[in-house]
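Numbering (our numbering), first residue to last: 95 to 198.
Below: one structure, written as structure tokens.
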Ligand SMILES: [Zn+2]
């Protein structure tokens, strides 16, 4: 009787009832929520780097920071382990340069 219950679980993020096969073994969130959470973390990281960079080169914070962050996020490939982290400053700067060039 309880077998059915055991095979179902709820994602702690979206609360959607999941089948056993959908389980994301490393945490209690479903695959979709895991991707979403990881992407949010990456975007936060990129935004932080952009803000640092604007600070460093002394320009005002652009009002479309979100767009720039999104562009850099789509351009940069950051793996699950943030392996490019050490070089992320340069990579974000490069992605930003491409974004600027696209605005012409
Ligand atoms: Zn979920």
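Positions of the beta carbon are idealized from the N, C-alpha and C atoms, including for glycine.
The beta carbons of residue 148 and residue 156 sit closer together than 9 angstroms.
Apart from the 5 residues on each side of it in sequence, residue 181 has no Cβ closer than 8 angstroms to any other Cβ in its chain.
Non-local beta-carbon contacts of residue 111 in its own chain, meaning distances under 6 angstroms to residues more than five positions away in sequence, involve 102, 104 in chain order.
A buried status is given to residue 136, since no fewer than 16 other beta-carbon atoms sit within 10 Å of its beta-carbon. Taking 9 angstroms as the cut-off, the beta carbon of residue 134 is found no closer than this to the beta carbon of residue 123. Rounded to the nearest whole angstrom, the CA to CA distance from residue 152 to residue 146 is 10 angstroms. Shown here, residue 197 sits in coil according to DSSP, grouped into three states, outside any helix or strand. In this structure, 108 is the residue among 140, 108, 164 with its C-alpha nearest to the C-alpha of residue 126.
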